[in-house]
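Written below as structure tokens is the structure these notes are about.
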Amino acid sequence: MSATTNLSSLSSQGNGATVELAQRSPRQIAWIRLKRNKVAMVSAGVALFFVAIAFLAPVITGLFHVDNTTLYLDRLKDGQPIGVAGGISWAHPFGIEPGAGRDLMALLLYGSRISFSIAIITAITYVGIGLVLGISAAYIGGALDSVIGRIADFLLSFPTTFMFVALSVPLTMRVEALGIAKDNGARIVVMVLILTVFSWPGFFRVVRSQVLSLREREFVLAASALGASRSRIIFKELLPNLWPLAIIYLSISLPGYLAAEAVFSFLGVGVQAPSSTWGLVLNDASSFWQRDPAYLAIPAGMVIVVVLSLNLLGDGLRDALDPKSDR
Amino acid sequence: MSENILEVSNLRKYFDISGGIIGRKRHTVKAVDGVDLTVAKGETVGLVGESGCGKTTVGRTILKLYEPTAGSIIFEGEDITKYSQRKMKPLRAQMQMIFQDPYSSLNPRHTVGDIVAASFAIHKVTPEGGVKKTVQGLLERVGLNPEHINRFPHEFSGGQRQRIGIARAIALRPKLIIADEPVSALDVSIQAQVVNLLDDLQSEFGLSYLIVAHDLSVVQHISDRVVVMYLGKVMEVARTEDLFKSPHHPYTKALLSAVPIPDPTIERSRERITLVGDLPSPANPPTGCVFNTRCWKAQDICRNSVPAQRTVGTSTVACHFPE
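Which chain is which? The protein sequence lines are H and A, in order.
Position in the first sequence counted from 1, then plus 973, gives you my numbering.
Take the second sequence: its position 260, counting from 1, is numbered 250 in my numbering, and each next residue is one higher.
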């Protein structure tokens, strides 16, 4: 789909559409394209809903008079929740955690805060690093380009998951020894750090090649002919053409980091109890799934819905912002 | 001569082609190899030659968008050859460029107003009556609707985009404009309008033009003098009417004979010169006269010694056997 076909199909709808066509920025055109993609809009709604409830976790748990630390032992019998589907009731809509007896909804809501924070911080950090280094490498070039390029190649040659498992414990100790953060705080810092370090090279390469192509366009030459400084060319001429790329990468990588956090916590190298994240809950649930399948199904379903909706939103954003990319 | 706004002598621009992991120099492309040219105040000079002869590089090197390898560029009596980009900045207001491709010369994410006003922002000047009003005046002057100031480039046609590029170039009232193939990307009907616009702006603002082109009819229409380039070197410089009436250099003759004449009888009966072979690589130019590989008059002297510029009539020709 190209911009022109979209515009002509809009104008063929008549009713003064030609008047509306006037003065539409590339951003507005992308927004119109996104709005016509129903799957992406629904996904955006779902994703926003989950981000919102993660943000509002204390408010929501407050409404149900539960929290993520109280042990509702009276709702357990022999370590198993009383009632159907893991003890679902009005007071505990998602049921009770077997064993310790905490409220599952509170666990998942507070857990999603950690999961979302890790994913969002990682995504923003690596996109920022990729942008800065990609623009510098391509626009300044020369030795800087070679050095950054080789570092990126070096990092890309490591398997991320393996490196994570190998590095998380020593790095966590190092972070704690440096007094940056403690316990789960340190583990979160390490998780963001490792994911960022192994993520930016991919985006860096894309930005670098994009800038290599952009800087040869005549509008960059026109800006230098006008006497524009290097920083003006980078920030005013190049960067506006890179935002769509950054947004696409941001949205497409978010679900991956949510899943990565769940996987690492599940494997025991991420966040650890007593904190709860989706991965930790899933890990715990895996030992109860025969007796209490709802305890596994609810968090697993949540992960699937959020990751799927973020993926579909990312696809929709890519189609809207970069209509030339063919799937 | 103080009336020359631009004097370029012996300008050279070599590009190093490097390869391999350590990026060692493989060979050098002599894109511009000893070009002399002058532009007088209020004059229009056409720079012609076939694709790859270095004419675009000449234009960009004069504006110091490329660092010259050798030679000197004197703008209004000021030797700018060695000027740093910082030192060039105030001069950039006085020498501007119009680009070939109106589809890539405008940033797709800036509004027309931003594009035209960029020069005011970069040079930190506020024009009389405010930026917006001035930009609208400029748009009107180049034949665009001033109300389209908030539109984006993709909403305009090629000809309109080229007009936006012209408005950007004249925003700071420059004295010299280097136009790099200003009309070659446009439809023929639009070409005439843009050429006429350039003509009108010249008389209105007292501009001097260096127009790089390969379309000889455009050059004939607009230029006072013509510089013919081949493989990085100047072959012939002459007043437009002299050049088109009596070309002295064999290459100019061949170039002119490629222009179709809109009269079937003359077109059929005239003798056309067809050059054999391709343009030699500027990385490995022929010895002696660079044109000797394709010239029908070439003799031993042409292969061995570089012809000096000599005056024939009112023209300057670099040929051992001018006509």
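Positions of the beta carbon are idealized from the N, C-alpha and C atoms, including for glycine.
The structure displayed is predicted, hence computed values, not measured ones.
Cβ neighbour criterion (16 or more within 10 Å) applied to residue i
i               : result
A228 (chain A)  : buried
G1068 (chain H) : buried
L1283 (chain H) : buried
G222 (chain A)  : buried
L994 (chain H)  : Confidence at L994 (chain H) is low in this model, with a pLDDT of 46, below 50, so the placement of that residue should be treated as unreliable; the coordinate-derived value is given next. L994 (chain H) should be labelled exposed.
N140 (chain A)  : exposed
P1228 (chain H) : buried
N926 (chain H)  : Nothing about residue 926 (chain H) can be reported from this structure: the residues present for chain H run from 974 to 1300 only.
M923 (chain H)  : Chain H is shown only over 974 to 1300; residue 923 (chain H) falls outside these bounds and no answer can be derived.
G987 (chain H)  : Here G987 (chain H) scores only 41 on pLDDT, less than 50, and its place in the model is too uncertain to base an answer on.
L200 (chain A)  : buried
T255 (chain A)  : exposed
N1041 (chain H) : buried
N282 (chain A)  : buried
F1127 (chain H) : exposed
L1046 (chain H) : exposed
I1221 (chain H) : buried
L134 (chain A)  : buried
I1091 (chain H) : buried
Q1001 (chain H) : exposed
K114 (chain A)  : exposed
T47 (chain A)   : buried
L1269 (chain H) : buried
D6 (chain A)    : exposed
E1070 (chain H) : buried
R0 (chain A)    : First, the residue type needs correcting, since residue 0 (chain A) is Asn and not Arg in the sequence shown. Label assigned to N0 (chain A): exposed.
Whole-angstrom distance between residue j and residue i, CA atom to CA atom
i               : j               : result
L1290 (chain H) : R1006 (chain H) : 9 Å
D189 (chain A)  : S213 (chain A)  : 10 Å
P1217 (chain H) : Q183 (chain A)  : 36 Å
T51 (chain A)   : E194 (chain A)  : 27 Å
M85 (chain A)   : E257 (chain A)  : 41 Å
D268 (chain A)  : C285 (chain A)  : 12 Å
F1192 (chain H) : L176 (chain A)  : 18 Å
A1110 (chain H) : L1081 (chain H) : 42 Å
L197 (chain A)  : L53 (chain A)   : 16 Å
T1134 (chain H) : L1185 (chain H) : 31 Å
R1264 (chain H) : G1158 (chain H) : 33 Å
T34 (chain A)   : R215 (chain A)  : 7 Å
D1156 (chain H) : T1169 (chain H) : 20 Å
F1171 (chain H) : G1243 (chain H) : 16 Å
S1141 (chain H) : S1202 (chain H) : 43 Å
D91 (chain A)   : G148 (chain A)  : 9 Å
I1087 (chain H) : D1051 (chain H) : 31 Å
M1275 (chain H) : A1025 (chain H) : 14 Å
A161 (chain A)  : I63 (chain A)   : 24 Å
F1131 (chain H) : I167 (chain A)  : 53 Å
According to DSSP, residues forming a beta bridge with residue i
i               : result
S305 (chain A)  : A:V302
F1022 (chain H) : DSSP, once it has assigned bridges, lists no residue as partnering F1022 (chain H).
M87 (chain A)   : A:I168
G36 (chain A)   : A:I201, A:V216
N(-6) (chain A) : A:A30
E226 (chain A)  : A:V218, A:V307
L1 (chain A)    : A:V25
Q1304 (chain H) : With chain H represented from 974 up to 1300, any question about residue 1304 (chain H) goes unanswered, as that position is not in the structure.
I154 (chain A)  : Bridge partners of I154 (chain A): none, in fact.
I1069 (chain H) : H:D1076
K20 (chain A)   : A:Y4
Within chain C, the residues that residue i reaches when beta carbons sit closer than 8 Å
i             : result
D91 (chain A) : The question asks about chain C, but that chain is absent: this structure's protein chains are H and A.
(message) With a threshold of 8 Å, are at least 3 pairs of Cβ atoms found where one atom belongs to the segment 1097 to 1111 of chain H and the other to the segment 1177 to 1192 of chain H?
(response) yes
(request) Count the C-beta pairs between the segment 1250 to 1261 of chain H and the segment 1233 to 1240 of chain H that are closer than 8 Å, then say yes if the count reaches three, no if not. (result) yes
(message) Could you tell me which whole beta strand (DSSP E) segments of length 3 or greater appear in the segment 61 to 146 of chain A?
(response) 85 to 88
(message) Taking 8 Å as the cut-off, does the segment 93 to 105 of chain A touch the segment 1220 to 1227 of chain H (at least 3 CB pairs, one atom from each stretch)?
(response) no
(request) Flag this pair as touching only if the segment 62 to 73 of chain A and the segment 109 to 123 of chain A have three or more C-beta atom pairs under 8 Å; answer yes or no. (result) no
(request) Let me know the alpha helix (DSSP H) ranges lying completely inside the segment 220 to 294 of chain A, each 4 residues or longer, listed in chain order. (result) 230 to 235, 240 to 247, 254 to 259, 290 to 294
(request) Would you mind listing the alpha helix (DSSP H) stretches within the segment 1173 to 1253 of chain H that are 4+ residues and don't spill past its ends, in chain order? (result) 1191 to 1198, 1216 to 1240
(message) Below 8 Å, how does it come out for the segment 261 to 281 of chain A and the segment 239 to 251 of chain A: are there three or more Cβ pairs, yes or no?
(response) yes
(request) Taking only runs that begin and end inside the segment 1103 to 1139 of chain H, name each unbroken beta strand (DSSP E) of 3 or more residues, in chain order. (result) none
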